[in-house]
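Number of protein chains: 2
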Amino acid sequence: MGTKRPPSLDIAAMTGVSHTTVSRALNDKVDLSARRVRSKKIHTLAVLISEDLDQTDNPINPFFLPLIGSILKYAGQKGYEVLVSLQQQSDDWGTDYGFSRRADGIIFLGCKDYESYTHKFEYLNAVGDPWVVWGVDRPDCAKLCIGSDNEGGAYDAVRHLVGLGRTRIAYLGKSAPEHPEFKERYEGYCRALTEAGLPVEDALHGDVFLEREEAVAAVDSMLDDGIRFDAVFCATDLLAMGAMQQLIRRGLRVPEDVSVMGFDDLWVCSSLSPSLSTVRQDTGAAARALIDGLSCLIENEPVHLTRMPTQLVIRESCGGLNIRRH
Amino acid sequence: MGTKRPPSLDIAAMTGVSHTTVSRALNDKVDLSARRVRSKKIHTLAVLISEDLDQTDNPINPFFLPLIGSILKYAGQKGYEVLVSLQQQSDDWGTDYGFSRRADGIIFLGCKDYESYTHKFEYLNAVGDPWVVWGVDRPDCAKLCIGSDNEGGAYDAVRHLVGLGRTRIAYLGKSAPEHPEFKERYEGYCRALTEAGLPVEDALHGDVFLEREEAVAAVDSMLDDGIRFDAVFCATDLLAMGAMQQLIRRGLRVPEDVSVMGFDDLWVCSSLSPSLSTVRQDTGAAARALIDGLSCLIENEPVHLTRMPTQLVIRESCGGLNIRRH
DNA sequence: TTGTATGCGTTATCAA
DNA sequence: TTGATAACGCATACAA
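Protein chains in written order, with the working numbering: chain U, 6 to 331; chain X, 6 to 331.
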């Protein structure tokens, strides 16, 4: 008995056309899930954010925010939906996250050292979906890595400080190979110093990671130990903000006594007092490179590793003759 | 001929059980799209961000960022996937965005005045999916609105300034009914002044909207016009940052000459020099209220409008006896 | 507990 | 162009 026929067949009967035609005609309000069952295309990207910062009120690394914004924008232009997922560092992905057939590809964003991500990379590879990661390419990261020219950006920044006449330039940030991005920035710092005939001193290196408070403590420590310095180059803006704030609290003048330089160009940099000089990462270009690369992987087309150029942004915190106000 | 049977039937034949059982057994790696076709449940929420700020490098209102982070976190805990979409103010939703059956419900985030959103609200209502909006409830916003106690928060802030001995307290922000959230904050400001026997002066009201630069200009304008004031209460932290920066650039001391108070408690507030006092909105609680409310709408359960309590956070920018350092 | 038949709304294929 | 039918992988209802 056909009294309880499906709606689409009902419409077909009522209008006198086949239900195939009904489906074709109503092609604006289609059921995406059904379409996906048949077509095997999800047209969805997943952005996977592996979170490290503990602060509950600041759950995402601030550098990622404009990057995510750009990803959303560009993915939308390319016709992708974007699924965003926040993963705690401690989460067991294998059990609580089945990526299978949820997205055509995955963009992985994380700040921790790559060792911590090894098993997550393995999981992503096991799932089989194509994925890309923001950062520095590593041998066992099979797919595609996209990152900034960290060494060049840091070199530009420190060379600028040298050009201002600074001779005792501290570096706040990681330098070990477990953190390739920061290691590259440290290498750029060293190259600029060496090129200027300045020594690389351990006493001027604060081995801090991501948290602003670490930079505060590092500044305190250097000042308490009587270590002289006339500039601080920080591996991230967040660290630079902590350093600059503590320098001011300790009675030093920025930039008169100490120049401060960051890395990232967070939106706050121009709103600080003094405004913060920094090395800008182009998040728009990064988002395009990530998505275009992922698209290639999805379509089985060849991909090429990409390094995004950086741009030096000089604001008040540098001092010297080149002060430009934004 | 059954040579090309579906995989599940193959396994069924090999293991001697039915393909239904196979399906049940392999319930870890199911095809979500297929499941959704049958079950009619998407288990997905869509976060729709209507963007207003023009800055390309700051595409999302900074207040929304922790809110979105909390939404991602809490939605994940409740078993929802989250689809995030950035919509330009100018985008024609009807044509370029078919929400039908992509999500069980929609969370709408936007900062513009409600008049601008009228046709978007109509579209959302027409789609039929349940949706909630962050902000202030309005008659024609049929579903559910969730917001902070703007009036109370502003009242607390201004009363604190009065308690510090400030008598000429400026307000930077909107006050017109088209911007209900800011109107409520203005009303809290007025109530605190009136209660303290202080007049509400038009000269002390800078009618600015969202952009930091507007606050910079408003401060310039008041100073240029010779208007005296010893405190500035701003409708958002972004405005407070602009105001504070410009006060400092114009040679005034914060908080000695002028106290500055914001609203939101962005993560940067504690990193500014001086650190910024503000009215904290609890984005975690807001995210929970939005998602729980949306869940109720999805399940056809009754919902209640909710106002989230705010919390006064005193930092260096206030001055007075109550200075606490964060 | 395990097996079977059928429907979900689409796409793909072939026939008219 | 349009119509009929099969298939996608799962869920539901019911039978064994």
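Beta carbons are placed, not taken as given, at the ideal position from N, Cα and C, and that holds for glycine.
Between the segment 285-297 of chain X and the segment 126-133 of chain X, the count of Cβ pairs shorter than 8 Å is below three; the stretches do not touch. A buried status is given to U:Leu149, since no fewer than 16 other beta-carbon atoms sit within 10 Å of its beta-carbon. Not a single C-beta of chain X is nearer than 7 Å to the C-beta of U:Val265.
Sixteen is the threshold: since fewer than 16 other Cβ atoms of the shown chains lie within 10 Å of the Cβ of X:Ala181, the residue is exposed.
Non-local beta-carbon contacts of X:Cys274 in its own chain, meaning distances under 7 Å to residues more than five positions away in sequence, involve Asp242, Gly267, Ser280, Leu281, Thr283 and Arg320 in chain order. Neighbourhood of U:Leu77 in chain X, by CB distance below 9 Å: Ile54, Pro64, Ile65, Val89, Ser90 and Leu91, in chain order.
Taking a contact as a CB-CB distance under 8 Å, the pair U:Pro260 and U:Ser322 counts as one, their CB atoms being some 5 Å apart. When C-beta atoms of the segment 151-162 of chain X are compared with those of the segment 296-314 of chain X, three or more pairs fall below 8 Å, so the two segments count as touching.
Shown here for X:Leu198: same chain residues with a beta carbon closer than 6 Å to its own, the five before and five after excluded, namely Val205 in chain order.
Contact between U:Ile303 and U:Gly110 holds: CB atoms are separated by about 5 Å, below the 8 Å threshold. Not flagged as an interface residue toward chain X: U:Gly178, since no C-beta distance is shorter than 7 Å.
Residues of the segment 236-250 of chain X with a Cβ closer than 9 Å to any Cβ of chain U, in chain order: Leu243, Met246, Gly247, Met249 and Gln250.
Residue state for X:Asp134 is assigned as coil, using DSSP reduced to three classes.
Listed along the chain, the chain X residues whose CB falls inside 7 Å of the CB of U:Val273 are Val273. The segment 215-227 of chain U and the segment 184-195 of chain U do not touch, with fewer than three beta-carbon pairs separated by less than 8 Å. In this structure, the straight-line span from the alpha carbon of U:Gly202 to that of U:Met249 is close to 26 Å. The beta strand (DSSP E) runs lying completely inside the segment 163-247 of chain U and spanning 3 residues or more are 174-177 and 236-239, given in chain order. When Cβ-Cβ separations below 7 Å define contact, X:Leu70 makes contact with chain U. Per DSSP, the continuous alpha helix (DSSP H) segment holding U:Ser75 begins and ends at Phe69 to Gln82. Burial of X:Pro67 is indicated by the presence of at least 16 other C-beta atoms within 10 angstroms of its C-beta. A direct Cα-Cα distance of roughly 34 Å separates U:Asp297 from U:Cys195. Following the DSSP letters along the chain, one finds X:Ala51 in no alpha helix (DSSP H) but inside the beta strand (DSSP E) bounded by residues Thr49 to Glu56. Between the alpha carbons of X:Gly193 and X:Asp134 lies a distance of about 35 Å. A Cβ of chain X is located within less than 7 Å of the beta carbon of U:Gly74. Assigned with DSSP and collapsed to three states, U:Val263 falls in coil, not helix or strand. When DSSP states are grouped into helix, strand and coil, X:Glu321 belongs to the coil group. If you look at X:Val141, you'll find it isn't in any beta strand (DSSP E); DSSP assigns it neither H nor E.
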